[in-house]
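Per my numbering, the sequence shown starts with residue -7, numbered consecutively.
Have a look at the structure below, then the notes.
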Amino acid sequence: AGTSQPVTITFGTTPTANGSFTTSGNVVTFSNTSSNATQYSWDFGDATNSSAANPTHAYAANGSYTVTLTAINGNCTDETTLTVVISVSLEELSGLTAVSLYPIPAGNETVLAFESNADQLAQLVVTNQLGQQVIETTLELVNGNNVSQINTSELANGLYFVNLNTANGALTRKLVIKK
């Protein structure tokens, strides 16, 4: 006859997932208040994730995101979801704020002034009403105040659009030339 051996089963402590968040523009700071967990997995709802306990995440677009926090302890897991709503202006999303274009109407020169939230490259494109590029240049922006003088002396009177494009987004301002 066979003999049986005792089997020891050890149960781990089941984690409880819990968290909250604060937003500043498109940047969300998550606070993890989970208990009995040794690892964490955050799914930010925009095809990105993190294993940090208290991550910070910058969303690239406005929208409603379902964020899933998974608290892990060995083979035991627990999940909770948070709904993050991002609703910021296009200027904030592009990292450019306090944008002004003057004088309007402009003569031989106009000034584009704005604040950038980082050192970054930007493409400045001026187009006419037909969408044709009449001025194109690359700007090296600094974190803080930026001022760019645009030579409009060769442009005819009319309506133009000044487009400033960064890696994070773009903004457009109307420019009237009247000489």
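Ideal Cβ positions, reconstructed from N, Cα and C, are used throughout, including at glycine.
Selected residue, minimal CA-CA separation from residue i, among the options
| i | options | result |
| --- | --- | --- |
| Thr30 | Thr60, Cys68, Ala90 | Cys68 |
| Ala162 | Leu88, Ile78, Asp35, Thr62 | Leu88 |
| Tyr45 | Glu128, Leu104, Ser33 | Going by the sequence as given, residue 45 is Ala instead of Tyr. Of the candidates Glu128, Leu104, Ser33, the one whose C-alpha sits nearest the C-alpha of Ala45 is Ser33. |
| Thr130 | Val117, Ala105, Val139 | Val117 |
| Val20 | Leu156, Phe36, Tyr152 | Phe36 |
| Lys171 | Ala148, Asn155, Leu93, Gly55 | Ala148 |
| Gly150 | Ser43, Ile142, Phe106, Lys166 | Lys166 |
| Val91 | Gln124, Thr25, Leu104 | Leu104 |
| Asn160 | Ala53, Ile78, Phe106 | Ala53 |
| Ser16 | Asn120, Gly55, Ser43, Ile78 | Ile78 |
Backbone CA spacing between residue i and residue j [nearest angstrom]
| i | j | result |
| --- | --- | --- |
| Thr178 | Pro95 | No information on residue 178 is available, as it lies outside the stretch -7 to 171 that the chain covers here. |
| Ala39 | Asp111 | 26 angstroms |
| Thr219 | Thr164 | Outside the displayed span of the chain (-7 to 171) sits residue 219, for which this structure offers no information. |
| Pro97 | Ser23 | 49 angstroms |
| Val76 | Tyr57 | 5 angstroms |
| Leu156 | Asn109 | 14 angstroms |
| Ile169 | Ile127 | 14 angstroms |
| Asp70 | Asn41 | 17 angstroms |
| Leu93 | Asn100 | 14 angstroms |
| Tyr152 | Gln124 | 10 angstroms |
| Glu107 | Gly66 | 48 angstroms |
| Gly(-6) | Phe13 | 59 angstroms |
| Glu132 | Ser140 | 10 angstroms |
| Val80 | Tyr51 | 10 angstroms |
heavy atom of the ligand MN below 7 angstroms from residue i C-beta
| i | result |
| --- | --- |
| Tyr94 | With respect to the ligand MN, the structure offers nothing, as it holds no ligand at all. |
Residue i, buried or exposed, once every other Cβ within 10 Å from all chains shown has been counted against 16
| i | result |
| --- | --- |
| Leu122 | exposed |
| Ala114 | buried |
| Val(-1) | exposed |
| Ser(-4) | exposed |
| Thr144 | buried |
| Asn138 | buried |
| Val134 | exposed |
| Gly11 | buried |
| Thr48 | exposed |
| Thr172 | The question about residue 172 has no answer, for the chain in this structure spans -7 to 171. |
| Ser26 | buried |
| Asn18 | buried |
Worksheet item: Counting only runs that start and end within the region 64 to 137, where is the beta strand (DSSP E) found for 3 or more residues in a row?
Response: 68 to 78, 88 to 94, 101 to 108, 112 to 120, 125 to 133
Practice prompt. Kindly confirm or deny that the region 48 to 67 and the region 6 to 20 touch, where touching means at least three C-beta pairs closer than 8 angstroms.
Written response: yes
Worksheet entry | Continuous beta strand (DSSP E) assignments of at least 3 residues falling wholly in the region -6 to 40 | 11 to 16, 19 to 24, 31 to 35
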